[in-house]
């Protein structure tokens, strides 16, 4: 299996390397697609990050992350919109396939999840014209319901696609198996996304049993319970044939290992279990 179908989200090796070293390590192993995070780009410098990417012919399957729209004040919402427009500019400078949106949860002190979801819709709507002008698709990433309060009040693929349908061109979804594998409506919603070509990214890892930390204990592919080949078949049948992007947060395991070991394991599991 060619490594053309593999991308590494640089969160997977964020404790081992900065952007430059991570890209160089990926290239040594034949991986030519990555997805950096904005803090990694900022630390390296946007211009230097763009040079590293372009000089090495590396594909950027996504920039993480925009979003975090809900706010307790109008000023906070405006600030979030401004930050998302900057994120669009960064994604454009890197030549990214999309800007991934983790949309945000409840504002501090709020219990109004309906209102938070409206803020998300309003914030994306305000960001979209700039994203369209820059040629950067926005990819809503629905997160597991356990994150509804603090990270993302859009929790199913169906919810995300409803937003896409309401907002029009220039927006789609990032399907992260960690967040959606459990959804009994997943196959239907993947097929729905395919009809309008709304799948912009496919993130992979695994769900461990037991999971010791709901944020920082994601599993390497094959170590958990997610039917990775089955979801991949559904996504490819829906028309998305882009790279599978490995995104693993693992404070007590993979972040403590040698970076080359992590990348080689990603390659091995991609070839054998995905």
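In the UniProt record's numbering, the protein residues as written are 1 to 274. Ideal Cβ placement from N, Cα and C applies to all residues, glycine included.
- Scanning the segment 5-84 from its first residue to its last, the whole beta strand (DSSP E) runs of 3-plus residues come out as 6-9, 33-35 and 63-67.
- Only buried fits residue 87, as 16 or more other CB atoms lie within 10 angstroms of its CB.
- Residue 260 sits close to residue 25, with the two beta carbons spaced by under 8 Å.
- By the Cβ criterion, the segment 238-253 is in contact with the segment 192-204, since at least three pairs of Cβ atoms, one from each stretch, lie closer than 8 Å.
- In the three-state reduction of the DSSP assignment, residue 109 falls in the coil class, being assigned neither a helical nor a strand state.
- Judged by beta-carbon spacing, residue 157 lies within the 8 Å limit of residue 186, meaning their Cβ atoms are closer than that value.
- For the options 150, 135, 136 and 141, the alpha carbon positioned closest to that of residue 107 is the one of 150.
- Going by beta carbons, residue 58 and residue 90 fall outside the 8 Å limit.
- In the structure shown, the three-state DSSP call for residue 90 is helix.
- Boundaries of the alpha helix (DSSP H) harbouring residue 267: 259-272, taken from the DSSP string.
- Taking 8 Å as the cut-off, the beta carbon of residue 214 is found no closer than this to the beta carbon of residue 250.
- The beta carbons of residue 177 and residue 103 sit about 19 Å from each other, so the pair does not count as a contact at 8 Å.
- Per DSSP, residue 230 is one residue of the alpha helix (DSSP H) stretching across 228-237.
- For residue 170, there is no enclosing beta strand (DSSP E), as DSSP gives it neither H nor E.
- Shortest Cα-Cα distance from residue 136 to any of 99, 188 and 211 involves 99.
- Annotation for residue 189: the continuous alpha helix (DSSP H) segment containing it runs 186-195.
- Here residue 161 carries a helix assignment [DSSP, helix/strand/coil].
- When beta bridges are read from the DSSP output, residue 141 appears opposite no residue.
- Contact check between the segment 233-242 and the segment 49-56: fewer than three CB pairs, one atom from each, fall below 8 Å, which does not count as touching.
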